[in-house]
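Let me begin by presenting the structure, written as structure tokens, before commenting on it.
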Amino acid sequence: MKKRRRLKIKRLILFLLLILSIGIGWFFLKEQNFFKSKPNDSEIEEKEPEEEKPKEYSLDMIMVGDVLIHSLVYRDAKVGDTYDFNPMFDRIRDIVGEYDLAFCNQETPFGGKELGYSGYPVFNTPSEIGDALIGMGFNLVSLATNHTMDKGVIGAINSLNYWNSKEEVLTAGSYLSEEARKEVRIREKNNIKYTMLAYLATFTNKALPSNQQYLLNMYDKEKVKEDIERVRDKVDLLIVSMHWGQEYKTEPNAKQREIAEYLASLGVDIIIGHHTHSVQPIEYIDGTLVFYSLGNFISNQPNYDDLIGLMPTLRVTKTVDKDKTTMQISDLQANLIYTYYEGVRCETCYHSNYSVIPFSEITANEFPQYKTYYNKYKDVLTSLDPTIKVGAINE
44 MKKRRRLKIK
54 RLILFLLLIL
64 SIGIGWFFLK
74 EQNFFKSKPN
84 DSEIEEKEPE
94 EEKPKEYSLD
104 MIMVGDVLIH
114 SLVYRDAKVG
124 DTYDFNPMFD
134 RIRDIVGEYD
144 LAFCNQETPF
154 GGKELGYSGY
164 PVFNTPSEIG
174 DALIGMGFNL
184 VSLATNHTMD
194 KGVIGAINSL
204 NYWNSKEEVL
214 TAGSYLSEEA
224 RKEVRIREKN
234 NIKYTMLAYL
244 ATFTNKALPS
254 NQQYLLNMYD
264 KEKVKEDIER
274 VRDKVDLLIV
284 SMHWGQEYKT
294 EPNAKQREIA
304 EYLASLGVDI
314 IIGHHTHSVQ
324 PIEYIDGTLV
334 FYSLGNFISN
344 QPNYDDLIGL
354 MPTLRVTKTV
364 DKDKTTMQIS
374 DLQANLIYTY
384 YEGVRCETCY
394 HSNYSVIPFS
404 EITANEFPQY
414 KTYYNKYKDV
424 LTSLDPTIKV
434 GAINE
């Protein structure tokens with residue numbers, strides 16, 4: 044009897060201890076928020092999705108003017124049975140190589156050795172100059188000039204065959220067919236789509252055959268409008284190269300201004316002018332950047348004004364904010380360059396050691412009046428827009 048009672052008491056004590064343990068455990072779990080009630084929908088604070096930040100893409104661009112290869116220039120480049128123009132560009136090679144896009148105007152055709160190399164007034168240039176340009180990094184080449192047809196149809200076709208074999212280069216202004224002329228050729232760099240058109244808006248030394256007008260892209264308002272409308276909505280950056288103006292003038296004429304305003308109205312981003320052999324001003328027209336003339340890149344011309352060229356640099360930025368894309372040109376700098384050579388200063392005298400030198404490192408031994416000419420062309424470049432930044436001079 045006593046044993047049963049003690050057993051019942053033990054069981055009761057154990058039961059009470061179990062209840063006490065459960066109670067203590069529940070208390071601590073509750074204190075630690077273990078049992079959380081599911082919040083009502085009204086208690087849920089909806090987090091707004093993080094706003095997507097605008098994305099930016101950019102590319103850097105450099106430009107030079109006329110690659111004008113007089114006979115004395117290519118004779119200085121002759122090495123045995125070939126030509127090596129590379130030493131002429133040693134002072135600017137590293138500069139050009141830093142840029143994503145590099146533009147030049149190939150003034151003279153590569154008609155081929157069989158047609159005979161020649162200089163002014165009927166040019167035929169060794170294609171090795173093209174190799175040197177591409178080796179430096181030039182990948183935008185304008186071919187619409189008054190000398191394109193100097194060696195006739197065969198010369199123009201030979202020149203095009205050379206350039207068309209260089210896949211890394213985008214050319215414009217001369218084509219092998221009308222279909223090729225109308226083809227939309229788009230390139231892309233750093234997520235920025237771009238293309239280039241090129242036109243001649245002055246005289247041509249040789250008439251074009253009526254059935255091969257595509258060999259030289261002559262400026263015509265309606266044709267230009269159609270060309271631009273064909274590509275404008277397909278690219279972020281539209282460049283138009285213009286061979287125009289009056290030779291040896293440092294200011295644009297009325298026709299240049301008229302064409303520039305028309306191209307700006309069609310939505311062109313950058314207009315690159317050449318042909319005058321002299322540097323001309325820079326300005327913006329309703330957001331379109333206009334270089335009226337870059338002058339000569341390399342030549343054998345005798346006057347200092349014609350040996351000075353422009354090598355501007357800039358940055359193009361594309362900003363994508365949701366479904367809106369904007370383009371901006373910034374960091375524009377107008378850098379002057381000079382073609383140095385040794386020998387008596389005349390068009391027919393023998394010259395040697397041609398070298399394109401930036402004003403930022405030129406010396407008085409190489410160009411005694413360089414400071415005077417720097418100030419002259421600083422005034423020219425800023426005459427239409429005083430905010431244009433001109434590159435440094437070597438002091």
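Add 43 to a position in the sequence shown, counting from 1, and you land on the number used in this note's numbering.
Glycine included, C-beta positions come from ideal geometry on N, C-alpha and C.
Note that the coordinates shown come from a computational prediction; the quantities given were computed from them, not determined experimentally.
Please name the residue, chosen from the options, that lies closest to residue i on a Cα-to-Cα basis.
| i | options | result |
| --- | --- | --- |
| K292 | I328, I351 and K268 | I351 |
| A223 | A244, D270 and M179 | D270 |
| Y117 | L379, G173 and I138 | G173 |
| D349 | S321, V363 and T368 | S321 |
| L281 | Y257, Q289, A307 and G155 | A307 |
| T382 | T368, K361, E409 and Q376 | E409 |
| A169 | K194, T331, E99 and L183 | Position check: residue 169 holds Pro in this sequence, whereas Ala was assumed. Taking only the C-alpha atoms, the option nearest P169 is K194. |
| I315 | D103, K98 and L183 | L183 |
How long is the line joining the alpha carbons of residue i and residue j, rounded to whole angstroms?
| i | j | result |
| --- | --- | --- |
| D329 | K121 | 47 Å |
| Y205 | P429 | 41 Å |
| N341 | E221 | With the sequence shown as reference, residue 341 is identified as Ile, and Asn is not the correct amino acid for it. About 32 Å. |
| E157 | N167 | 10 Å |
| Y218 | E226 | 10 Å |
| N76 | E93 | Caution is warranted here: a pLDDT of 49 is assigned to N76, below 50, making its placement in the model unreliable, and the coordinate value is therefore given only provisionally. About 30 Å. |
| Q299 | F246 | 14 Å |
| D312 | V387 | 42 Å |
| S114 | S101 | 40 Å |
| L427 | Q323 | 10 Å |
| A145 | M354 | 10 Å |
| N148 | K266 | 21 Å |
| G159 | N339 | 24 Å |
| E95 | K236 | 23 Å |
| I372 | L243 | 25 Å |
| N343 | D364 | 50 Å |
| S161 | M285 | 25 Å |
| V107 | L337 | 6 Å |
| C392 | P345 | 10 Å |
Does the beta carbon of residue i come closer than 8 Å to any beta carbon on chain C?
| i | result |
| --- | --- |
| K194 | Among the chains in the structure shown there is no chain C, since it carries only a single protein chain. |
I'd like to confirm the pairing. Which residues does DSSP put opposite residue i in its beta bridges?
| i | result |
| --- | --- |
| M104 | L144 and L357 |
| D192 | Sequence check: residue 192 is Met here, not Asp. Per DSSP, none; premise fails for M192. |
| L115 | Paired residue(s): none; L115 is not in a bridge. |
| V433 | A377 |
| P401 | I380 |
| H394 | H394 is not bridged to any residue. |
| M285 | Y242 and G316 |
| S217 | Per DSSP, none; premise fails for S217. |
| T362 | E99 and T369 |
Look at the Cβ atom of residue i, then the Cβ atom of residue j, and state whether they are nearer than 8 Å.
| i | j | result |
| --- | --- | --- |
| Y335 | Y416 | no |
| N378 | P401 | yes |
| I302 | L424 | no |
| I177 | V139 | no |
| H394 | D127 | no |
| L240 | M192 | no |
| Y413 | I405 | yes |
| L186 | T214 | yes |
| R134 | V433 | no |
Using a Cβ-Cβ cutoff of less than 7 Å, which residues in the same chain neighbour residue i once the five nearest sequence positions on both sides are dropped?
| i | result |
| --- | --- |
| E150 | D109, V110, L111, T188 and H190 |
Excluding the five sequence neighbours on either side, which residues of its own chain have a C-beta within less than 8 Å of the C-beta of residue i, listed in chain order?
| i | result |
| --- | --- |
| K268 | L309 |
So, for residue i: in the same chain, excluding its five sequence neighbours on each side, which residues have a beta-carbon less than 6 Å away from its beta-carbon?
| i | result |
| --- | --- |
| G155 | N201 |
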